[in-house]
Amino acid sequence: MTNFNNIQKLSEPTREDGFKLPSINPRPELFAKKAIEKVAGHSVACATQEHYRRSSISKSAVLDDFLAGDIEYHECIYDDHFDEALTILKSELNPAERFKTVHFCGLRFIPFNKSSSPGLPYVNMKEFHEYVKYRFDTGKAPNKQLTKSNGLNIILDKERVKVHQIKEGQSYYELLPMTRIYARSHLVDKSEEDKVRAVYASPMTLQCVEMMLLFPMVNHLMNKEAPFIAWNYATFTGGLHKLQREFRSYESFVSFDFSKFDKRIPYSLIDKVHALWKSMYNLGPYYTDDPLYPRPSTDPIRIERLWTFMNDAIKHGIFVAPDGSKYKRRHSGLPSGAYQTQILGSCANYLMITSALLAVGLKPNQFKLKILGDDSCVAMNLPISEVPLLITKVAEYVSTHFNAIINAKKTTFGLLNYEVSFLSYTMLKGVVKRTRNDLLGKLMYPEDGQYQVQKTKSRALGIMIANLGHCRITHEVCAEILRTLTHVEYNLDELNYFDQERLAFAMNKFSDRIPDRSELAKLAFMF
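Under this note's numbering, the sequence shown has 449 at position 421, and the numbering climbs by one with no breaks.
Laid out in structure tokens, this is it:
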């Protein structure tokens, strides 16, 4: 057993616990290349092919990224500014009446990402494999992928037993399966180093508990008029324009760039956020929407145990790498793949930035935040000339108080009446465009290395929407692919929840026709 600073190695690699990673296809996607050649000429197609590549995935690259979270312990400082930030965040979260817990029987009706892997133990379970195959063979599943949606019935049957065991007092280390560390390959320039990031298949036991506890709060924020968390602020539905309208009474903005944000979130900050959430709940009753459970309630201690399990599991779960070696974290880190990942990261980000702004002398009525995970856009009543010094002071504060790192060189700022940047898009003088114009590269080198015409068509529509009519060549290339594949069906089943939402929106709005650039440009201004 090897001890690092934050990450403890529990075992050496084993063949029994190891698993394969998906390979990256280094070749360009044929339909994309031909479409670029037809629209922009051979030289542009070759330049795109030569300029970009997908990062190579290897077991060592995945493990290296995971071990990048092996940081030294830092004693966090929770001062009066943090206490005030907690109060402000509570006012952002607080419902008209206290939240309650969702009964396990209601999980089937909660929207969540069902296209992803259910993780362990299901991916290794013969019964689960056979069940998914049976559903495909009988026409009840669209494919044989081992996804949550294809095996939801068997997952819920088994997880209900575990949830009852948690309520009865069994702890996370008795019931929580290990979390597999998978990989995500990013698009890079040919001259750049590979960018491979660890992603996690969070166990369904944890996700079921998270949904029971957190869906009411998530749903509350999703339906709020102007929540601090940027849900329903997608650029293709006018999110950036909506943001600028909300910020119109402020003078300047700053978007802080954090380094290793998820890897460095301290467990003590997670504890603070969980305690805040729990303070807004009535722990006894369930919601009463289900006619089969007209007055459901339970002993509050049973719900208290769910909260304890969720807190322990998100911090102390065991990770298994592709080579079969096992690890756990000691004091910092937030894994992706959990139901709470985005809202927990957003709350942590909000608290760190708000505490820092208060510490440097701003009053609560002098700034407003919009947060999504590690992304932020902060509107301020502050002259643009004073923003660089503020960035330096905020970076110093979050470093000393939370062990967070802000990259001042990548942090952007500007005048709100001129521009605003958020979530990979910039609105400059009323024109919306992507911050990085790499969509042709994404089209030619998709992350999914299995090139199928259904996926190609779906990808082309998604990239066309993401382009929002800004780049003429990108738009026309996507349109050419859609025309070529007119008689091919879209494939939304294997897309993640967010891509499904974007494509479903486009298919519903434009039906079978291809929208022109002006129509897509207008999407950025609708809300």
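Positions of the beta carbon are idealized from the N, C-alpha and C atoms, including for glycine.
If you count every other CB in all the chains shown that lies within 10 Å of the CB of residue i, and 16 or more means buried, which is it?
{"i": "A63", "result": "buried"}
{"i": "Q235", "result": "buried"}
{"i": "A124", "result": "exposed"}
{"i": "R276", "result": "exposed"}
{"i": "R136", "result": "exposed"}
{"i": "R163", "result": "buried"}
{"i": "A303", "result": "exposed"}
{"i": "Q480", "result": "exposed"}
{"i": "E238", "result": "buried"}
{"i": "R333", "result": "buried"}
{"i": "G558", "result": "Nothing can be reported for residue 558, as the shown portion of the chain is limited to 29 through 555."}
{"i": "M472", "result": "buried"}
{"i": "P411", "result": "exposed"}
Within the same chain, show all residues whose beta-carbon is closer than 6 Å to that of residue i, passing over the 5 residues directly before and after it, in chain order.
{"i": "V216", "result": "S83 and K223"}
{"i": "F59", "result": "T484 and I509"}
{"i": "S364", "result": "V227 and Y228"}
{"i": "Q528", "result": "L520"}
{"i": "P41", "result": "D351, G352 and S353"}
{"i": "Q368", "result": "E238 and L242"}
Within its chain, find whatever has a CB closer than 7 Å to the CB of residue i; leave out the 5 residues flanking it on each side and keep chain order.
{"i": "P392", "result": "I116"}
{"i": "F430", "result": "C104, P294, L297 and M380"}
{"i": "V426", "result": "M380, A384, A432 and I434"}
{"i": "D476", "result": "K483"}
{"i": "A4", "result": "Shown here, the chain extends from 29 to 555; a query on residue 4 therefore has no answer."}
{"i": "L204", "result": "P231, T233, L234, A341 and G345"}
Specify, as a first and last residue, the run of the alpha helix (DSSP H) that residue i falls within.
{"i": "E238", "result": "M232 to M250"}
{"i": "D185", "result": "L180 to K195"}
{"i": "S283", "result": "Looking at the DSSP string, S283 is not in any alpha helix (DSSP H); the run it does join, the beta strand (DSSP E), is S280 to S283."}
{"i": "D111", "result": "D108 to L121"}
{"i": "A387", "result": "T369 to A387"}
{"i": "A507", "result": "R500 to T512"}
{"i": "P328", "result": "P328 to H344"}
{"i": "N33", "result": "Looking at the DSSP string, N33 is not in any alpha helix (DSSP H), and its letter there is neither H nor E."}
{"i": "Y200", "result": "Y200 to L203"}
{"i": "V151", "result": "Premise fails: V151 is in no alpha helix (DSSP H) and is neither H nor E."}
{"i": "V130", "result": "Element bounds for V130: n/a, residue is neither H nor E."}
{"i": "S213", "result": "Unbroken run through S213 is the beta strand (DSSP E), T207 to S213; no alpha helix (DSSP H)."}
{"i": "C74", "result": "H70 to H79"}
To the nearest angstrom, how far is it from the Cα of residue i to the Cα of residue j?
{"i": "C375", "j": "L297", "result": "10 Å"}
{"i": "R545", "j": "K61", "result": "21 Å"}
{"i": "G46", "j": "K354", "result": "10 Å"}
{"i": "M408", "j": "D402", "result": "19 Å"}
{"i": "P54", "j": "V516", "result": "25 Å"}
{"i": "F132", "j": "K161", "result": "26 Å"}
{"i": "M380", "j": "I209", "result": "28 Å"}
{"i": "S145", "j": "D165", "result": "20 Å"}
{"i": "S199", "j": "C506", "result": "51 Å"}
{"i": "I419", "j": "K270", "result": "25 Å"}
{"i": "C74", "j": "L467", "result": "15 Å"}
{"i": "T428", "j": "S88", "result": "32 Å"}
{"i": "F566", "j": "E65", "result": "Because the chain here runs from 29 to 555, residue 566 falls outside it and cannot be looked at."}
{"i": "I35", "j": "R357", "result": "5 Å"}
{"i": "M206", "j": "D340", "result": "13 Å"}
{"i": "V415", "j": "G442", "result": "9 Å"}
{"i": "A534", "j": "R500", "result": "19 Å"}
{"i": "Y314", "j": "G373", "result": "26 Å"}
{"i": "K291", "j": "I329", "result": "32 Å"}
{"i": "K252", "j": "Q272", "result": "18 Å"}
{"i": "L174", "j": "K396", "result": "42 Å"}
{"i": "E221", "j": "I493", "result": "29 Å"}
{"i": "G497", "j": "S539", "result": "18 Å"}
{"i": "T463", "j": "A262", "result": "15 Å"}
{"i": "L49", "j": "S213", "result": "11 Å"}
How close, in whole Å, do the beta carbons of residue i and residue j come, if the pair is a contact with beta carbons under 8 Å?
{"i": "Y201", "j": "G179", "result": "That belief does not hold up - the Cβ atoms of Y201 and G179 are roughly 25 Å apart, past 8 Å."}
{"i": "N435", "j": "D285", "result": "5 Å"}
{"i": "L489", "j": "L531", "result": "6 Å"}
{"i": "T233", "j": "K190", "result": "5 Å"}
{"i": "M338", "j": "L241", "result": "6 Å"}
{"i": "L444", "j": "S280", "result": "6 Å"}
{"i": "E100", "j": "N152", "result": "With a Cβ gap of about 35 Å, E100 and N152 do not count as contacting."}
Here's a check: name, in chain order, each residue in its chain whose Cβ is nearer than 8 Å to the Cβ of residue i, leaving out the five neighbours to either side.
{"i": "R43", "result": "G352"}
{"i": "E120", "result": "P255, F256 and Y378"}
{"i": "L114", "result": "K300, L304 and L379"}
The beta strand (DSSP E) spanning residue i covers which residue range?
{"i": "S449", "result": "E447 to F450"}
{"i": "N310", "result": "Y309 to Y314"}
{"i": "M455", "result": "Y453 to L456"}
{"i": "D165", "result": "Note, D165: premise wrong, no beta strand (DSSP E); alpha helix (DSSP H) at K154 to D165."}
{"i": "I399", "result": "F395 to L400"}
Would you say the beta carbon of residue i comes nearer than 7 Å to a heavy atom of the ligand COA?
{"i": "Y479", "result": "Inclusion of the ligand COA in the displayed structure is not the case, the ligand content being empty and no account of it being possible."}
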